[in-house]
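Trainee:
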Ligand SMILES: *Cc1c(COP(=O)(O)O)cnc(C)c1O
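In this note's numbering, the protein residues as written are 51 to 447.
(1) Excluding the five sequence neighbours on either side, which residues of its own chain have a C-beta within less than 6 Å of the C-beta of residue 54, listed in chain order?
(2) Once you ignore the five residues that flank residue 246 on each side, which residues in its own chain have a CB closer than 8 Å to its CB?
(3) By Cβ distance, which residues of its chain are closer than 6 Å to residue 224, with the 5 residues on each side in sequence left out?
(4) Please report the straight-line C-alpha distance between residue 252 and residue 175, rounded to a whole angstrom.
(5) On the three-state DSSP scale, how would you describe residue 345?
(6) Let's test the definition: count the other Cβ atoms within 10 Å of the Cβ of residue 180 and tell me whether it reaches 16, buried, or not, exposed.
(7) Nearest by alpha-carbon distance to residue 284: which of 382, 390, 115 and 94 is it?
(8) Leaving out the 5 sequence neighbours to the left and right, which residues in its chain are closer than 7 Å to residue 145 when beta-carbon positions are compared?
(9) Say the cut is 7 Å; is the CB of residue 142 nearer than that to a heavy atom of ligand 1?
(10) What are the partner residues of residue 144, as DSSP defines its beta bridges?
(11) Report the rounded CA-to-CA distance for residue 58 versus residue 76, giving the unit in angstroms.
(12) According to the neighbour-count rule (16 or more other Cβ atoms, all chains shown, within 10 Å of its Cβ), is residue 52 buried or exposed?
(13) Nearer than 7 Å: is that true of the beta carbon of residue 137 relative to any heavy atom of ligand 1?
(14) Could you tell me if residue 445 is buried or exposed, where buried requires 16 or more neighbouring beta carbons within 10 angstroms of its beta carbon?
(15) Residue 340 to residue 420, Cα distance in whole Å?
(16) Check each candidate in 300, 234 and 301 and name the one with the smallest Cα separation from residue 277.
(17) Keeping to the same chain, check which residues put their C-beta closer than 7 Å to that of residue 439; ignore five residues upstream and five downstream.
(18) Is the beta carbon of residue 266 sitting closer than 8 Å to the one on residue 305?
(19) Measure the C-alpha to C-alpha separation of residue 275 and residue 84 and round it to an integer number of angstroms.
(20) So, is residue 88 buried or exposed, given that buried needs 16 or more other C-beta atoms within 10 angstroms?
(21) Relative to the C-alpha of residue 157, which residue among 413, 91, 199 and 343 is closest?
(22) Under 8 Å Cβ to Cβ from residue 330, same chain only, skipping five residues before and after it: list those, please.
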């Protein structure tokens, strides 16, 4: 975590993604440098002492911070409109850092039931082992949130749109309820991307990303980001990160920095294609239901328009028939890849019931709307016509 410097406050968002946070070396390189170094040397012993006492700015050890990682932190903080950011090794390290840093034994956490599988593990299995009570609610039901919140609730955790059904949670409404009991609001903003949704402006306190997804956007490396106030970052996240060590490699930070430069362009193109694909699927025989936040028939279309600047790069849909028919369709795809990943330039399709959510009991899957015929499509950067042709041909088998 370092200061957000070397930027112009008037820069528009696209300029921030390309120019924000640059910290050039004495060589004046145009592209950001990769500082693949674990440690740093000091000109004299007094400087070393001053850096350790935080009396002099500068780097100490790459477990704490690193110039390339700091450039990424400054750039994403500037784009998100956050006071500060910390980058970590994966999205799950970001979720774990956000929650473990602010919770202690005796506290309570309330979370939306529809979560990325590993997030559910942290909330349901890990935190209770350390004396944190967790309660899961139906994220779209404000009465359930209100009933679950108590004066001991220190954090609420939610994902919107949620994986894999794309159900939304009203961030502003949940933040109001959570703040009334003094709880911090943590939003996993991966599915909306930083381009389409700004949780901090809607009342969230902490935003987490798997940068592995759309921020890299080309399926190359893992990374995670936590954004919040300077106070939270300095007092809660940095001590946790410094001493537990889920550090982001400077090389991965560099890949993600370059990913940010094209983030808006890529997300806009994937959203355009996703909207076309959702419309195609909605009119296609053999498709039982399409769930896309950008369509008027989306059950929470009004909320989607209110808190998102677009329908997003993911489409969920259910086929008619059974699991065997769905598998036949998946196996007949020749362009779109079967994968549990998302946010890649290559379009990827997932059967959540047998992969990402197979750990859940059938009754719990049913509660979440994850049927055996549900598919999640992460729309990449191929030509939308080729993607539609691939889906059309596979659906005909
Ligand atoms: C992928 C993902 C994560 C975890 O990120 P990793 O980088 O794989 O650790 C967390 N939340 C959501 C919504 C995700 O899609």
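Backbone N, C-alpha and C define an ideal beta-carbon position, used for all residues, glycine too. Every value quoted in this text rests on a predicted model; they were computed, and no experiment measured them.
Mentor: For this structure:
(1) Confidence in residue 54 is poor, its pLDDT being 49 and thus under 50, which makes the residue's placement unreliable; the coordinate value appears in the next sentence. Hits under 6 Å: 124, 127 and 128.
(2) 317, 321, 358, 359, 360 and 362
(3) Once the five neighbours on either side are set aside, the close Cβ partners of residue 224 are 195.
(4) 29 Å
(5) Coil, per DSSP.
(6) exposed
(7) 115
(8) 169, 172, 238 and 258
(9) yes
(10) Looking at the DSSP assignment, residue 144 forms no beta bridge with any residue, so it has no partner.
(11) 21 Å
(12) Only weak support is given to the placement of residue 52: the predicted model assigns it a pLDDT of 42, under 50, and the question is left unresolved by the model.
(13) no
(14) buried
(15) Taking the straight line joining both Cα atoms gives about 13 Å.
(16) 234
(17) Contacts found: none.
(18) Yes, Cβ-Cβ distance for residue 266 and residue 305 is below 8 Å.
(19) Each residue's Cα considered, the two are about 18 Å apart.
(20) By the neighbour-count criterion, in which 16 or more other beta carbons inside 10 Å mark a residue as buried, residue 88 falls on the exposed side.
(21) 199
(22) The beta carbon of residue 330 sits closer than 8 Å to those of 438, 441 and 442, all from its chain and outside the five residues before and after it, given in chain order.
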